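Enquirer: Mind looking over this structure? Questions follow.
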Amino acid sequence: MVEHLLAKEKVAGSIPVSRSLFLFNRATSPSGKARLCKSCTSGSNPLVASLLDVIFVHVFFIAIRCFLMRSPHSYATEAIVLKRTDLGEADRILTLFTPGKGKFHAVAKGTRRPISKLAGHVDLLCRSQLQLALGRNLDIVTQAEGRENFMHLRSDLWHMTCGFYLAELVDRFVEDQTQHYDIYTMLLETLRYVDADAGALQQQREKATPLTPQQEEGHTRLRLRYFELHLLMAIGYEPVLANCAYCASEIRPEENGFKAALGGVLCPQCSRHWERRLSLDALKALRYMQRSKWSDVARMRPDARLHAELEAVMYDLLRYHLERDMKSWSFLEMMRKS
Ligand SMILES: [Zn+2]
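My numbering applies: residue 1 is where the sequence shown begins, and numbers increase by one.
In structure tokens form, the structure reads like this:
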């Protein structure tokens, strides 16, 4: 009986709710200074009350153990912001491209408000270190720290459009939740290249050196073609350039044809299937870009005609695999004419 005496007078208030469930039926002892459990006062078996206490302790520790062993509710990752879409009055849905989880969408709450602390760190094309909380449908960005903002790229319309085009390419061609570390690395290196190119041109302008329209584009046009080709290769759409895509005969160093729907170059014997002519220079350039590192390709100096031909061939391939045009193409064309 002594074991069931509780010395505290004040039961309510300081006792946890779960514990109070076991105490609500305890009554005051005859002395008025201690309490007896109701089972004691009603004459029922005191062992039942003891058993309840033991069960309570076990359940309590099991709950604590489950709490400590549960899966984490948040995670950290590096990411490049590919796209932003407005959500509600103040939020945005971000399309993120990460080295470990590939492409996925997350909510950045309040980032359209001027006072938002996150907004500056989740700009388009920004490379940031993010902390995300697991959400029911979409994960939620809780913290962000910008690592690379590509300021030179943002200060020049042509280079900024190139950057947005790269982001659109990745967004369209890379499937959600599929890891593509090689494409992530390539995108990051290409953004750094375009940013550096914009910075170099800015310095030339500050020296009052007059630049031709082609110089204003820097080397980014060739870099875009290189990115397009290697992006297609990385996702399994590598064009056939060594043999005829129709009859498989070896391609000779002469004018050939090209058809994206057949997968690449066509020999003169298959000219009835040609979609467009492919000059020998363009074929050599494509093959060189296909097998070489960018550091080697960067030494190429294609003229305007070759640039246009390479662009047309790559756009044919991209359009065929995507089954529609890229939004950025019209902007790139507009920037080029200006
Ligand atoms: Zn053929």
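Cβ atoms here follow ideal geometry from the backbone N, Cα and C, with glycine treated the same way.
Predicted model, so just to flag it, every value in this text is computed and none were measured.
1. In terms of residue numbering, what span does the beta strand (DSSP E) encompassing R127 cover?
2. According to DSSP, is E104 helix, strand or coil?
3. For K327, tell me which candidate among A196, L166, A106 has the shortest Cα-Cα distance.
4. Among residues of its own chain, excluding the 5 on either side of I80, which ones have a beta-carbon nearer than 6 Å to its beta-carbon?
5. Taking the alpha-carbon positions, what's the M314 to I115 distance?
6. Over the uninterrupted alpha helix (DSSP H) stretch that includes L94, give me the two end residues.
7. Quick one, what's near ligand 1 if you take every residue whose CB is closer than 7 Å to any heavy atom, in chain order?
8. Could I get the ranges of all uninterrupted alpha helix (DSSP H) runs contained in the segment 210-247, with 4 residues as the minimum, in chain order?
9. Just curious, the alpha helix (DSSP H) that D296 is in, first and last residue?
10. What do you reckon, are the CB atoms on L82 and V170 nearer than 8 Å?
11. Can you tell me the Cα-Cα spacing of N256 and A304, whole angstroms?
12. Out of curiosity, what's the CA-to-CA distance linking T161 and D123?
13. Quick one: any contact between the segment 181-199 and the segment 248-263, if contact means 3 or more CB pairs under 8 Å?
14. Apart from the five residues on each side of it in sequence, which residues of its chain come closer than 8 Å, Cβ to Cβ, to M186?
15. Rounded to whole angstroms, what's the CA-CA distance from D182 to R291? Just pull it up for me.
16. What number of angstroms, rounded off, separates the C-alpha of A63 from the C-alpha of R172?
17. Using a Cβ-Cβ cut-off of 7 Å (strictly less than) and excluding sequence neighbours within five positions of A133, which residues of its own chain qualify?
18. Are the beta-carbon atoms of M300 and L224 separated by less than 8 Å?
19. Work out the CA separation of P46 and D53 for me, nearest whole Å.
20. Compute the distance between the beta-carbons of A285 and E275, then report whether it is under 8 Å.
21. First and last residue of the beta strand (DSSP E) that includes Q143?
22. Quick one: using the 10 Å Cβ neighbour count with 16 as the cut-off for buried, is V59 buried or exposed?
23. With DSSP run on the structure shown, which of helix, strand or coil describes V265?
24. What residues in its chain sit with their C-beta under 6 Å from that of L118, if we drop five residues either side in the sequence?
25. Assuming F150 contacts D195 (C-beta within less than 8 Å), just tell me the rounded distance between them.
26. In angstroms with no decimal places, state the Cα-to-Cα distance between V48 and I55.
27. Measure how close the beta-carbons of A282 and L317 come, nearest whole angstrom, since I'm counting them as under 8 Å.
28. Using alpha carbons as the reference points, say which of L157, D176, R136 lies closest to G199.
29. Where does V297 land, buried or exposed, given buried means 16+ other C-beta within 10 angstroms?
Expert: Per the coordinate set shown:
1. Taking the sequence shown and counting its residues from 1, one reaches residue 127 at position 127. Looking at the DSSP string, the run of the beta strand (DSSP E) that includes R127 is 127-133.
2. To locate residue 104, count along the sequence shown from 1; it is residue 104. Note that residue 104 is Phe in the sequence shown here, rather than Glu. The answer is strand: DSSP assigns F104 an E or B state.
3. The sequence position of residue 327 within the sequence shown is 327, counting from 1. With distances taken between Cα atoms, K327 lies closest to L166.
4. Position 80 of the sequence shown, counted from the first residue, corresponds to residue 80. These residues qualify, in order along the chain: F97, R127.
5. Translated into the one-based positions of the sequence shown, residue 314 becomes position 314. Translated into the one-based positions of the sequence shown, residue 115 becomes position 115. When the Cα atoms are used, M314 and I115 turn out to be separated by approximately 43 Å.
6. Sequence index remark: in the sequence shown, residue 94 carries index 94 (1-based). L94 -> not in any alpha helix (DSSP H); beta strand (DSSP E) instead, spanning 91-98.
7. Those satisfying the condition are, in chain order, C244, Y246, C247, S249, L266, C267, Q269, C270.
8. Counting only runs of 4 or more, we get 213-216, 220-234.
9. Locating residue 296 in the sequence shown gives position 296, counting from the first residue. D296 -> alpha helix (DSSP H) spans 294-297.
10. For this step, residue 82 is matched to residue 82 along the sequence shown. For this step, residue 170 is matched to residue 170 along the sequence shown. Against a cut-off of 8 Å, the Cβ pair of V170 and L82 comes out as a contact.
11. Against the sequence shown, residue 256 aligns to sequence position 256. Against the sequence shown, residue 304 aligns to sequence position 304. For N256 and A304, the distance between alpha carbons rounds to 20 Å.
12. Position 161 of the sequence shown, counting from 1, holds the residue named residue 161. Position 123 of the sequence shown, counting from 1, holds the residue named residue 123. Taking the Cα positions, T161 is about 15 Å away from D123.
13. Contact check between the segment 181-199 and the segment 248-263: fewer than three CB pairs, one atom from each, fall below 8 Å, which does not count as touching.
14. Along the sequence shown, read from residue 1 onward, the residue named residue 186 stands at position 186. Counting only Cβ-Cβ distances below 8 Å, and skipping sequence neighbours, we find F227, H230, L231, A234.
15. Here residue 182 corresponds to residue number 182 of the sequence shown, with the count starting at 1. Here residue 291 corresponds to residue number 291 of the sequence shown, with the count starting at 1. R291 has its alpha-carbon roughly 16 Å from the corresponding atom of D182.
16. Numbered from its first residue, the sequence shown carries residue 63 at position 63. Numbered from its first residue, the sequence shown carries residue 172 at position 172. Rounded to whole angstroms, the separation of the alpha carbons of R172 and A63 is 45 Å.
17. In the sequence shown, the residue the question calls residue 133 occupies position 133. Within the same chain, Cβ atoms closer than 7 Å to the Cβ of A133 are found at H73, S74, D139, I140, T142, the five residues on either side in sequence being excluded.
18. Translated into the one-based positions of the sequence shown, residue 300 becomes position 300. Translated into the one-based positions of the sequence shown, residue 224 becomes position 224. Against a cut-off of 8 Å, the Cβ pair of L224 and M300 comes out as no contact.
19. Position 53 of the sequence shown holds residue 53. Position 46 of the sequence shown holds residue 46. Distance between the alpha carbons of D53 and P46: 11 Å.
20. On the sequence shown, residue 285 is found 285 positions in, with the first residue counted as 1. On the sequence shown, residue 275 is found 275 positions in, with the first residue counted as 1. Contact flag unset, no.
21. On the sequence shown, residue 143 is found 143 positions in, with the first residue counted as 1. Secondary structure note for Q143: its beta strand (DSSP E) is the uninterrupted segment 139-148.
22. Numbered from 1 along the sequence shown, position 59 holds the residue referred to as residue 59. Note on V59: under 16 other CB atoms within 10 angstroms of its CB, so exposed under the neighbour-count rule.
23. For this step, residue 265 is matched to residue 265 along the sequence shown. Here V265 sits in strand by DSSP.
24. Working through the sequence shown from its first residue, we reach residue 118 at position 118. Closer than 6 Å at the Cβ level, and outside the excluded window around L118, lie A108, T111, A144.
25. The residue given as residue 150 occupies position 150 in the sequence shown. The residue given as residue 195 occupies position 195 in the sequence shown. So it is a contact: roughly 4 Å between Cβ atoms.
26. For the purposes of this step, residue 48 is taken as the residue at position 48 of the sequence shown. For the purposes of this step, residue 55 is taken as the residue at position 55 of the sequence shown. A straight line joining the alpha-carbon of V48 with that of I55 spans about 11 Å.
27. By one-based count along the sequence shown, residue 282 stands at place 282. By one-based count along the sequence shown, residue 317 stands at place 317. That pair is no contact at about 13 Å.
28. Residue mapping note: residue 199 aligns to position 199 of the sequence shown, counting from 1. Minimum Cα distance to G199 is reached at L157.
29. Here the question's residue 297 lines up with position 297 in the sequence shown. In summary, V297 is buried, with 16 or more beta-carbon neighbours lying within 10 Å of its beta-carbon over all protein chains present.
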